[in-house]
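Chemist: Numbering (the numbering used here), first residue to last: 1079 to 1355.
Using N, Cα and C, we set each Cβ at its ideal position, and we do this for glycine too.
All of these numbers come straight from a predicted model, not from anything done at the bench.
Before anything else, here's the structure in question.
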């Protein structure tokens, strides 16, 4: 068990190296699978001890696709709040996060001046805890990437994200909201905020049932925002006319890449924006 290996200094060092590597335990070459709260507590202890001249540069704490739940995230967030100077990315997609985990991560965002990337995708159990977590983003000015794919953001969550995007202190460059139940109103909240935002470079709105009206909101936001470089609107069942409206708006911004998924729409995109787009 991972907890037993902590007694061996060599194993402890290897554990931290593994969790800090780009692949982490969620990678195909991971040495362990199914890590839960007990293992997260061990890793949190290692992060607390990781200081001084011999500290490992644990820039990425990656625990993708495991079984870490609320208690495990509380351990990790506490450790990073007290000794997270080296940690820039926390990747927890595909775990078992709930409302308590969301609360702990919200507190981390309020206190950490170092965290730049956070991935909470595919944690549907986070539920209503997501709203206060998103509220905590208003007190953060360092987070550059946020992945929330497959979480219940909805219209209320989109409204809170819109407030974040409008802040002058906002540092967000990438926001991934695929499969987050935005709908027409939710996408309007996000795109209306982009009229004022100057930091966001990549936005993923795939599979959100935004509808034809939502596509018009996207077109307006794209037309009025010159900073966006990548936009994904695939999987929304949009008509060719709606997609064309978005692409025509994107033509004014030659740095914008639009993903539309189907080959027919890709040909339309190339015809409007230019081949090789």
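Span of the beta strand (DSSP E) holding residue 1310?
Modeler: From DSSP, the beta strand (DSSP E) with residue 1310 extends over 1308–1310.
Chemist: If you scan the region 1173–1260 from start to end, which runs of the beta strand (DSSP E) of 3 or more residues do you find wholly inside it?
Modeler: 1195–1197, 1223–1225, 1252–1254
Chemist: Here's the rule I'm using: 16 or more other beta-carbon atoms within 10 Å means buried, otherwise exposed. How should residue 1230 be labelled?
Modeler: buried
Chemist: Spatial neighbours of residue 1278 within its chain, please: CB distance less than 7 Å, with the 5 preceding and 5 following residues excluded, ordered by chain position.
Modeler: 1243, 1250, 1251, 1253, 1272, 1305, 1306
Chemist: Buried or exposed for residue 1102, please, with buried defined as at least 16 other CB atoms from any protein chain shown within 10 angstroms of its CB.
Modeler: Bear in mind that the predicted position of residue 1102 carries a pLDDT of just 47, short of 50, making it unreliable; the figure below should be weighed with that in mind. By the 10 Å Cβ count, residue 1102 comes out buried.
Chemist: Which residues bound the beta strand (DSSP E) around residue 1280?
Modeler: 1280–1282
Chemist: I want to know whether the region 1186–1205 touches the region 1232–1242 - three or more CB-CB distances under 8 Å.
Modeler: They do not touch, by the three-pair rule.
Chemist: Specify the secondary structure class of residue 1336 as computed by DSSP and reduced to three states.
Modeler: When DSSP states are grouped into helix, strand and coil, residue 1336 belongs to the strand group.
Chemist: Express the C-alpha separation of residue 1191 and residue 1219 in angstroms, rounding to a whole number.
Modeler: 8 Å
Chemist: Put residue 1273 into one of helix, strand or coil per three-state DSSP.
Modeler: coil
Chemist: Between the Cα of residue 1326 and the Cα atoms of 1156, 1294, 1313, which residue gives the shortest distance?
Modeler: Comparing Cα positions, the closest option is 1294.
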